[in-house]
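Novice:
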Amino acid sequence: MTDSGGGPELTKGGGGPHDDTPGGGPLVVLENVNKHFGELHVLRDINLTVQRGEVVVVIGPSGSGKSTLCRSINRLEPIDSGTILVDGKKLPEEGKDLARLRADVGMVFQSFNLFAHKTILENVMLGPIKVRKQDKAASERHAMELLERVGIANQAGKYPAQLSGGQQQRVAIARSLAMKPKVMLFDEPTSALDPEMINEVLDVMTSLARDGMTMIVVTHEMGFARKAAQKVVFMADGQIVESNTPEEFFTNARTDRARDFLSKILTH
Ligand SMILES: Nc1ncnc2c1ncn2[C@@H]1O[C@H](COP(=O)(O)OP(=O)(O)OP(=O)(O)O)[C@@H](O)[C@H]1O
Ligand SMILES: [Mg+2]
Numbered sequence: 018m019t020d021s022g023g024g025p026e027l028t029k030g031g032g033g034p035h036d037d038t039p040g041g042g043p044l045v046v047l048e049n050v051n052k053h054f055g056e057l058h059v060l061r062d063i064n065l066t067v068q069r070g071e072v073v074v075v076i077g078p079s080g081s082g083k084s085t086l087c088r089s090i091n092r093l094e095p096i097d098s099g100t101i102l103v104d105g106k107k108l109p110e111e112g113k114d115l116a117r118l119r120a121d122v123g124m125v126f127q128s129f130n131l132f133a134h135k136t137i138l139e140n141v142m143l144g145p146i147k148v149r150k151q152d153k154a155a156s157e158r159h160a161m162e163l164l165e166r167v168g169i170a171n172q173a174g175k176y177p178a179q180l181s182g183g184q185q186q187r188v189a190i191a192r193s194l195a196m197k198p199k200v201m202l203f204d205e206p207t208s209a210l211d212p213e214m215i216n217e218v219l220d221v222m223t224s225l226a227r228d229g230m231t232m233i234v235v236t237h238e239m240g241f242a243r244k245a246a247q248k249v250v251f252m253a254d255g256q257i258v259e260s261n262t263p264e265e266f267f268t269n270a271r272t273d274r275a276r277d278f279l280s281k282i283l284t285h
């Protein structure tokens, strides 16, 4: 039901004459991306290509730059140098194009950030009405479909505080999907959840991946990586140290850094 080719096309404008990538091929491209926080060099010459329909899992030690990478892709964080292309278009600096880009790049965080005073259904309907200018009836229909898809249509009239963490995170996923994003970014979506709720969220993500959604997922859930990802990217100190298939990476990591990291996360 999610159109894997992405949502509605970006309207023209913003892109130059040769940065339009027609169907297929790369959807997110980072080239020589650098970012500092003061003296701290948090993204060092990052090169990363995510193909349409590809699922990339990003792992690495705390402070290695994973969240900053995600945040830079939907421009919550500006970069110092390099380029980031989403669907062939360079990230706009500001204004309407930026709002549209944000809608094309869905993001789900560790904390769910739902509006507490709005119902589940209203939370999911809000973005399409405000940003995509969809009419209310169409937004409600689509929101209900999405709530069904993430398995909580029967909670539509409740408020976030009345739901479990896992349910709230599934609402947050539905809310992102409501914008018909071309790519979904997940930054440790299950790390704030109680263990018994982790799988219900991972199952939704796995089914999204199967339906062809392009996804960049920061997670230490290795089962998900093995099941759903085509590529694992290992970051350390702001650099991409290894990039490989999950199978290769988990059984045959090339660097000491990665092997050391894996030995720590796989033993608990
Ligand atoms: N707004 C900020 N101002 C200054 N430094 C920051 C800011 N955000 C992040 N940093 C620093 O940049 C580095 C990378 O942080 P980032 O949050 O991207 O790491 P991470 O890999 O997501 O870590 P974690 O696994 O703990 O979530 C860290 O050293 C962090 O302290
Ligand atoms: Mg982080």
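So the sequence shown is numbered by this note's numbering: it starts at 18 and just counts up by one.
Ideal Cβ positions, reconstructed from N, Cα and C, are used throughout, including at glycine.
Cβ atoms of residue 137 and residue 169: under 8 Å apart, would you say?
Specialist: Yes, Cβ-Cβ distance for residue 169 and residue 137 is below 8 Å.
Novice: In terms of residue numbering, what span does the alpha helix (DSSP H) encompassing residue 221 cover?
Specialist: Segment 212-227, the alpha helix (DSSP H) holding residue 221.
Novice: Am I right that residue 254 and residue 84 are in contact with their C-beta atoms under 8 Å? What's the rounded C-beta distance?
Specialist: Going by Cβ atoms, the distance from residue 254 to residue 84 rounds to 14 Å, so no, they are not a contact pair.
Novice: Mapping DSSP to helix, strand and coil, what is residue 256?
Specialist: Three-state result, residue 256: strand.
Novice: Are there any heavy atoms of ligand 1 lying less than 7 Å away from the beta-carbon of residue 59, as far as the coordinates show?
Specialist: Correct: residue 59 has its Cβ closer than 7 Å to ligand 1.
Novice: Using 8 Å as the Cβ pair cut-off and three pairs as the minimum, do the segment 115-125 and the segment 193-208 touch?
Specialist: At 8 Å Cβ cutoff, the stretches touch.
Novice: Can you find the residues in the same chain that come closer than 6 Å, C-beta to C-beta, to residue 203, ignoring five residues on each side of it along the sequence?
Specialist: Excluding sequence neighbours, residue 203 sits near 125 and 234.
Novice: DSSP three-state label for residue 1, please.
Specialist: In the structure as shown, the chain begins at 18 and stops at 285. Residue 1 is therefore absent and cannot be evaluated.
Novice: Going by DSSP, what residues sit across from residue 159 in a beta bridge?
Specialist: Paired residues: none, contrary to the question.
Novice: Taking contact to mean 3 or more Cβ pairs, one atom from each stretch, closer than 8 Å, check whether the segment 61-81 and the segment 239-254 are in contact.
Specialist: Yes, the segment 61-81 is in contact with the segment 239-254.
Novice: I'd like to know if the segment 97-106 and the segment 45-58 are in contact, where contact means that at least 3 CB-CB pairs between them fall below 8 Å.
Specialist: Touching, per the Cβ criterion.
Novice: Can you say whether residue 9 is buried or exposed, counting buried as having 16 or more other CB atoms within 10 angstroms of its CB?
Specialist: Outside the displayed range of the chain (18 to 285) lies residue 9, so it cannot be described from this structure.
Novice: Where does residue 107 sit, in a helix, a strand or coil, going by DSSP?
Specialist: In this structure, residue 107 counts as strand in the three-state DSSP scheme.
Novice: DSSP has residue 290 in a bridge; who is on the other side?
Specialist: Residue 290 lies beyond the range of the chain shown here (18 to 285); nothing can be said about it.
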